[in-house]
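Visitor: First the structure, which I've put down as structure tokens, then a few questions once you've had a look.
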Amino acid sequence: MIKSRRMRWARNVAKIGRRRQSGDWFFHHDNAPAHTALSVRQFLTKNGMTPVPHPPYSPDLAPCDFFEALSSISKDEFRQCFEKWNKRLDKCISVSGQYFEGD
2 MIKSRRMRWA
12 RNVAKIGRRR
22 QSGDWFFHHD
32 NAPAHTALSV
42 RQFLTKNGMT
52 PVPHPPYSPD
62 LAPCDFFEAL
72 SSISKDEFRQ
82 CFEKWNKRLD
92 KCISVSGQYF
102 EGD
């Protein structure tokens, strides 16, 4: 079962890597050992996928933690959440990764 899930994930990632032409999207996942393993990084590179670096210890910047909730929200709600996430990322970059609260 786990192997079939991995294979399905790999096929989907490869398909996305081939389809993306515009370069206007980002691939993000957390720093879990399964995601940072050399074999995973090599696979992603081979398929044209460069993950966005994940800031450690920043749960508010970790949409992967909320992946299961995605099926229960509308596309508009997702879009709004994604825009807020981008703002938090921009803020994190502007303060060089230092702690901040709010906007």
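To convert, take the position in the sequence shown, counting from 1, and add 1; that gives our numbering. Every residue gets a Cβ at the ideal spot worked out from N, C-alpha and C, and that includes glycine. Nothing here was measured: the structure is a model prediction, and the numbers come from that model.
1. For residue 52, which beta-bridge partners are listed by DSSP?
2. Using three-state DSSP, classify residue 96 as helix, strand or coil.
3. Would you call the CB atoms of residue 55 and residue 77 closer than 8 Å?
4. Helix or strand or just coil, what does DSSP make of residue 75?
Guide: Reading off the structure:
1. On the sequence shown, residue 52 is found 51 positions in, with the first residue counted as 1. Residue 52 pairs with 28.
2. Numbered from its first residue, the sequence shown carries residue 96 at position 95. Coil at residue 96, not helix or strand.
3. As a first step, residue 55 must be located in the sequence shown, where it is residue number 54. As a first step, residue 77 must be located in the sequence shown, where it is residue number 76. No.
4. Locating residue 75 in the sequence shown gives position 74, where the first residue counts as 1. Looking at residue 75 - three-state DSSP - the assignment turns out to be coil, as it is neither helix nor strand.
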